[in-house]
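First to last, the sequence lines map onto chains A and B.
Under my numbering, the residue at position 350 of the first sequence is numbered 350, and the numbers go up by one with no gaps.
Under my numbering, the residue at position 241 of the second sequence is numbered 241, and the numbers go up by one with no gaps.
Heads up, the beta-carbon is just placed ideally off N, CA and C, and yes, glycines get one too.
See below for the structure under consideration.
There are 2 protein chains.
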Amino acid sequence: MSSTDTVTGLERMANLLRIHSIESTQESNSGHPTSCASMAEIISVLFFNVMHYDPKDPRNPAADRFVLSKGHCAPILYAAWAEAGAFPVADLKNLRKIDSDLEGHPTPRLNFIDVATGSLGQGLGFSCGMAYAGKYFDKSDYRVYCVLGDGETSEGSVWESFAFASFYKLDNLCAIIDVNRLGQSDPAPLQHHMETYQKRVDAFGWHAIVVNGQDVNELLAAFKEASETKDKPTCILAKTFKGAGFKGIENELDWHGKPLGDKAPEILATLKKLVNEETFVRPQIPKIVAKVSEIKKDKEIKLSSPPNYDGKKEIATRLAHGTALEKLGKACEYVIGLDGDTKNSTYSIKFRDAFPKRFVECYIAEQNMVQVAIGIATRQRYISFVHTFAAFLLRAADQIRMGAISFTRVKYIGSHAGVSIGEDGPSQMALEDFAFFRTVPHIVCFYPSDAVSAERAVELAANYDGAVYIRTSRPNFPILYKNDEVFQIGKAKIIVESSADVCTIVAGGVTLHEAVKASEKLKGLGKAVRIIDAFTVKPIDRDTILKSVNATHGRLLIVEDHYLEGGLGEAVMAALADQTDIKIAHLAVQEVARSGKPAELLSKYGIDAEHIANAVEKLL
Amino acid sequence: MSSTDTVTGLERMANLLRIHSIESTQESNSGHPTSCASMAEIISVLFFNVMHYDPKDPRNPAADRFVLSKGHCAPILYAAWAEAGAFPVADLKNLRKIDSDLEGHPTPRLNFIDVATGSLGQGLGFSCGMAYAGKYFDKSDYRVYCVLGDGETSEGSVWESFAFASFYKLDNLCAIIDVNRLGQSDPAPLQHHMETYQKRVDAFGWHAIVVNGQDVNELLAAFKEASETKDKPTCILAKTFKGAGFKGIENELDWHGKPLGDKAPEILATLKKLVNEETFVRPQIPKIVAKVSEIKKDKEIKLSSPPNYDGKKEIATRLAHGTALEKLGKACEYVIGLDGDTKNSTYSIKFRDAFPKRFVECYIAEQNMVQVAIGIATRQRYISFVHTFAAFLLRAADQIRMGAISFTRVKYIGSHAGVSIGEDGPSQMALEDFAFFRTVPHIVCFYPSDAVSAERAVELAANYDGAVYIRTSRPNFPILYKNDEVFQIGKAKIIVESSADVCTIVAGGVTLHEAVKASEKLKGLGKAVRIIDAFTVKPIDRDTILKSVNATHGRLLIVEDHYLEGGLGEAVMAALADQTDIKIAHLAVQEVARSGKPAELLSKYGIDAEHIANAVEKLL
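This is the structure in structure tokens:
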């Protein structure tokens, strides 16, 4: 095929994709055809000339990756995959229907989507994770492409990703910004100031190329230049027009997120003439050329050696986590550690020191860190364990939310939870982490209370087929369990019991140890209590708790180093909501905490042994 | 005083501040003296030469503002305020003690702190809000200074703020980056590459000045240049050394967050010689010169006109919110609106169109938007209403968390909550918003279910002395209340009742209307139910609900368009936890939703009228 034929073919394909974008959004009577139109040439060139992939095997590990960061342009992405042969073109009319996987924004329910997008500014970080894995773990030649909108470059997460990609010299990554000038409700702040975009991208260490994004020739040249650029990622800054090719709509405000309505027929007629379907021979898709080695994981990943504590020394669960992660790393070469410059506090440093090539220092940029973790975990090759203070994981709350829509299997590890961290004060204390993480569908939330259970939580996390949150603690705790104790997801442990128990206490972490102290005090007063270590806050072990409460006169006290809302307390209450005859008391932090010694803070906020003992007496 | 004397005085002050930083962290046996040391000259010059303020009246509205974004350097900030005369220097030894407001990281419990810091990358955004208010609302000459660490420039939120400040030409804003090279666990990614910092800051539209941050002369010149720079903000890039002036520690890794221990005496002796306390005359603090007009708010802010609906047309609560905000704007000139390029969806556009000068378009940068809103709301002058889709407010979850520690009064408005938004799909649906917002201490969470109550929620929000979250909905709802209905925080409304009711249903938003439909169906079957509109999810109206449940045979059904965890359901369960004899059922979304028509989604996820009716029958 001559180069003229190539260009003409890609131009016709671009217009065909425009047609599909209009028709599918007309059918669904919602969607973003004008945002699709500006990027039609970009998608045409990428999917029908640049990218190496197999539409019949979209998750082939050696294929180039594509991430549509501007997820609202799903219609043109679906159109490209349909035209490529991934599914029948006729299915495009099912856009946004409840029984179709062609959702309003892309999700991995579709086998050609790796990550859900639609919350802006996240795609580039996912792409960084894929590119990092490609270059440093897979050591393969596949490339990663990510199309962003101009509006979403206002998101700071995008600049975290720009900084990350250049720092790690991800020359297998190519971002394309579709600078179509117009946002949802106003022009984007930089409008068509391409030189400002170029300066910013260049300053962040990328190779920047400005092109006319509606010109196939310029795009082809830019992608070639990108593939030849070494040691830095490339960003193609494509000057485009929203609604490009749509007469009367192109470059006009107030056409965001609207089907073309009665303007559609005339525009479609024009576009169809340009495509001339009868004579149109689709361009060939480049075949996969990269090689990727097969992943050979054991069916079950086991700690390389069991917990080994003599029970005399107190150990922090954050330290036990680090120990366990190092053991996991020995057992499985696909375990990856990430941290945001807190590795000497979260103890992910133990993993880093043992396996420096499988550790990614993400610096103080939690949003990008979580995005990278999600990107690394795509196509089920690697298992990402991502670390920072639990409070700062919240910085990536929206990324974790979107991770759920991606059905990611990332393991989130948050340290320094609760007022028990002490003097650093409230800004460093996670007191809402469970409230947030519990909302993630199908997640497992671990709250280990000693070193043995912490190690087993890490092992269970690695094997769980979904997202996991592990809350670790700063203070040292006594060892509660034997080294060979067996733990299961959703199975609590009764750690104190007798036949005379008058009340059940459910607790976790520091409050579990306070409960034990309280039980000793109460025992002296002739009042025996049963104490349950929840172990997992989600799922919560309803059976064990209910049985115990029924055996202790329907009395239940829940104590937690967390705000009153959404944590262990409400998890237990919800599990028992259908029960009558249970009286529940709940101790938790109820106000903004202060700096102080851990014991002082536990007392001040009413969750220490003394308050527990008093609460039990009140329940009796 | 000669300029030599000035410089010497400031150098001596810098070392005196180093001494205080060492001594106070020795006393608390925790803290970050080395991170204080690198910025000692910056703080000395700012507090004793550059800034105009009154240490005896730290919240004087005409004073220059100072924000310590690197909040872990609280010890040197406290030292500066003490030396300035805000409180006795002897109190510095109470650092991090539980009965002292000199917490590990600064909070507004101290009258010289406007905003809590300690979660990195947030201070510049708060400062942007203060500078925006100074330039555009107060129209005053006070200036805003913000010191950042180099490590935190990895946070994307910082770049959102850089972009915002230049876009709005905040030439009254001066940022200083303390480039001390070393992070917590490793060198910061850019180390001492000052030219890279300069390129980035310049590309983001700021005037960048590189200085030796340990050189008082260079700092003085840079601050002068900053004050003379028009139409753009200035960023002073100060090359410094962590632990500067601490022999054997300066520029060494592994000294983050550690008191100097047994190295302190020798270092203190050296510094004390440099200060020579006996001969040291403290530099004079520049007096306040700016003028600011007094704020004259009515004791109670009322909607300029009451709700005015004929009850025939269905209205979305997001639209009613926009209507009410416009009315509030008429009633009170201190009401400010902010949005992140969603104003035509959240309907904050109604306020923007009426009061363009009191509206801040923040573009797609929710973290900075929330920070700006918090900054604008400091010193109790303006009332910020900040808008975006509820799902995207989560992007600023950590900012909202820190806002709570700042005791901010910001009003957060999240639209497009729940699966009822329909075809756009799960990325746009907030299903965890209440779980997160409920954790904010003392917040009020409104969930209006019709236009009348939505308008009153906005009015109540404006008058509430604390943070507020209002969840608005996308679909149109029937009008439930008369235009003169009176609403109160923490007071639910019974909207359907009879003496024969066999079950209570608590709901909000779309599910309240589904409950009404279900009640009609059940009525046909001879089963009357009582229906409660919660109105506020926090505080929840325990009394009304309990009374109602007791009157309906202890049967309670809660239905919500939210995930199962942490929302209305668990709020009600927690309120009734101490009760026995109540049987609770709960309908909520339990998995990642799909795209589809709202009615289809409500059915698929089990929260429509049919599922409600079935759940009631099951409870009977």
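Boundaries for A/Gly151: no beta strand (DSSP E) harbours it, and the DSSP string shows neither H nor E there. Distance from the CA of A/Gln590 to the CA of B/Ile443, rounded to the nearest whole angstrom, comes to 12 Å. Put simply, the segment 134 to 146 of chain A touches the segment 58 to 67 of chain A. At least three CB pairs are less than 8 Å apart. Looking at A/Val616, A/His586 and A/Pro448, the one whose alpha-carbon comes closest to that of A/Gly526 is A/Val616.
For B/Ala518, the enclosing alpha helix (DSSP H) starts and ends at Val510 to Gly524.
Against A/Met573, the close residues of chain B are Glu570, Met573, Ala574 and Ala577, in the order they occur along the chain (beta-carbon pairs closer than 8 Å). In the DSSP secondary-structure assignment, B/Gly337 is bridged to B/Phe359 and B/Phe385. In the pairwise beta carbon analysis, the segment 271 to 281 of chain A is classified as not touching the segment 37 to 50 of chain A: fewer than three pairs are separated by under 8 Å.
Residues Gly414, Ser415, His416, Ala417, Ala430, Asp433 and Arg471 of the same chain have their beta carbon placed closer than 7 Å to that of B/Ala390, with the five preceding and five following residues left out of the count. Per DSSP, the beta-bridge partners of A/Ile315 are A/Phe477. Here B/Arg471 is bridged, per DSSP, to B/Gly414. With fewer than 16 other Cβ atoms from the protein chains shown falling within 10 Å of its own Cβ, A/Gly248 counts as exposed.
Under the three-state reduction of DSSP output, B/Ile249 falls in the coil class, being neither helix nor strand. When DSSP reads this structure, A/Leu68 sits in a beta bridge with A/Val147.
Using a CB distance cut-off of 8 Å, A/Thr580 counts as an interface residue toward chain B. Per the coordinates, the alpha-carbon of A/His32 lies some 38 Å from the alpha-carbon of B/Cys332. Positions of the alpha helix (DSSP H) runs, each at least 4 residues long and wholly inside the segment 109 to 143 of chain B, are given as 123 to 132 in order along the chain.
Taking 8 Å as the cut-off, the Cβ atoms of A/Ala116 and A/Ile76 do not count as close. For B/Leu557, the enclosing beta strand (DSSP E) has its first and last residue at Arg555 to Tyr563.
Taking a cut-off of 8 Å on C-beta distances, the segment 52 to 65 of chain B does not touch the segment 236 to 243 of chain B, as fewer than three cross pairs fall below it. Excluding five sequence positions before and after A/Pro441, the CB atoms of its chain that fall closer than 7 Å to its own CB belong to Ala404, given in chain order. Within chain A, no C-beta atom comes nearer than 7 Å to that of B/Ala377; the closest sits roughly 17 Å away. The beta-bridge partner set that DSSP reports for B/Cys235 consists of B/Ala175 and B/Ala208. B/His611: member of the alpha helix (DSSP H) spanning Ala609 to Leu619, first to last residue. A residue is called buried when at least 16 other Cβ atoms come within 10 angstroms of its Cβ; B/Asp533 meets this threshold and is buried. The straight-line gap separating the alpha-carbon atoms of B/Ser161 and B/Lys169 is approximately 12 Å. Annotation: Cβ neighbours of B/Arg438 in chain A (cutoff 8 Å, chain order): Ala435, Glu565 and Gly566.
Taking C-beta atoms under 8 Å as the contact rule, B/Thr388 and B/Glu366 qualify, at a distance of about 6 Å. Proximity to B/Ile288 across B/Gly125, B/Thr6, B/Arg59 and B/Arg555 peaks at B/Arg59, based on C-alpha coordinates. Minimum Cα-Cα distance from B/Ser345 among the listed residues A/Lys97, A/Gly121, A/Gly257 and A/Leu92 corresponds to A/Gly257. Using a Cβ distance threshold of 8 Å, B/Ile376 and B/Tyr382 count as a contacting pair. With fewer than 16 other Cβ atoms inside 10 Å of its own Cβ, B/Ser293 counts as exposed. Identification of chain B residues near A/Arg401 by a Cβ-Cβ cut-off of 8 Å yields Ala391, Leu394 and Glu432, ordered along the chain.
Straight through space, the alpha carbons of A/Glu610 and B/Glu27 are spaced by roughly 28 Å. Judged by DSSP in its simplified three-state form, B/Val589 adopts strand.
Assigned with DSSP and collapsed to three states, B/Cys332 falls in coil, not helix or strand.
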